[in-house]
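Just so we're aligned, residue 220 is where the sequence shown starts under the numbering used here, counting upward by one.
The structure appears below as structure tokens.
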Amino acid sequence: MRRLSGLLPTEVHTYRGDPWVTKFYLFLSLVITFRSVVHVFRKDGGANSIAGIDLDVEGGQNIVAIFAQWGLEQLLLAGLAWLALFRYRGLIPLILLINLLDNIGRILIGRSKPLKIDRPPPGAYGQVIILPFLALALWCSLPKRDES
Numbered sequence: 220m221r222r223l224s225g226l227l228p229t230e231v232h233t234y235r236g237d238p239w240v241t242k243f244y245l246f247l248s249l250v251i252t253f254r255s256v257v258h259v260f261r262k263d264g265g266a267n268s269i270a271g272i273d274l275d276v277e278g279g280q281n282i283v284a285i286f287a288q289w290g291l292e293q294l295l296l297a298g299l300a301w302l303a304l305f306r307y308r309g310l311i312p313l314i315l316l317i318n319l320l321d322n323i324g325r326i327l328i329g330r331s332k333p334l335k336i337d338r339p340p341p342g343a344y345g346q347v348i349i350l351p352f353l354a355l356a357l358w359c360s361l362p363k364r365d366e367s
């Protein structure tokens, strides 16, 4: 069994979960960082070139602006990820929980408010594929009950 108290550890500098999770989390942090930088700095924010959203409509520039702002939010989450990886490893379970909830939220919102596009963006598949790995990584990042 695992201890849920590992989500808010008293010692934030020490990671007590399974070692493989930090490698997975490094990979996840790279993906989150790359994705956020694309949304912020790509001319169309990835809205058309990646997500396939038609920007040749009235208000198309507003879509690009929203994508860039969304990218900034993702970049802030990426910053927390890097902070946890390199300084406060004990917070990895908490940040993984935030990533898991973010992913679930994206899936639910994507289903309730779907985009009208020709082809699904890569994230539509990626977030479904990564979901069980995120859940497993979160569970394995928590300290075992027999540890102090």
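Quick reminder that beta carbons are idealized off the backbone N, C-alpha and C, glycines included.
For clarity, every value in this text was computed on a predicted model and none was experimentally measured.
Is DSSP giving Lys242 helix, strand or coil here?
helix
DSSP three-state label for Arg221, please.
strand
Would you check if the distance between the CB atom of Pro362 and the CB atom of Gly225 is smaller than 7 Å?
Between Pro362 and Gly225, the gap from beta carbon to beta carbon is short of 7 Å.
Please classify Leu223 as buried or exposed, where buried requires at least 16 neighbouring CB atoms within 10 angstroms.
exposed
Roughly how far, in whole angstroms, is the beta-carbon of Ser248 from the beta-carbon of Ala297, given that I think they are within contact range, below 8 Å?
Going by Cβ atoms, the distance from Ser248 to Ala297 rounds to 6 Å, so yes, they are a contact pair.
Let me check understanding here. Comparing Cα to Cα, which of Ser331, Glu277, Pro312 and Ile269 lies closest to Phe286?
Of Ser331, Glu277, Pro312 and Ile269, the residue nearest in Cα terms is Ile269.
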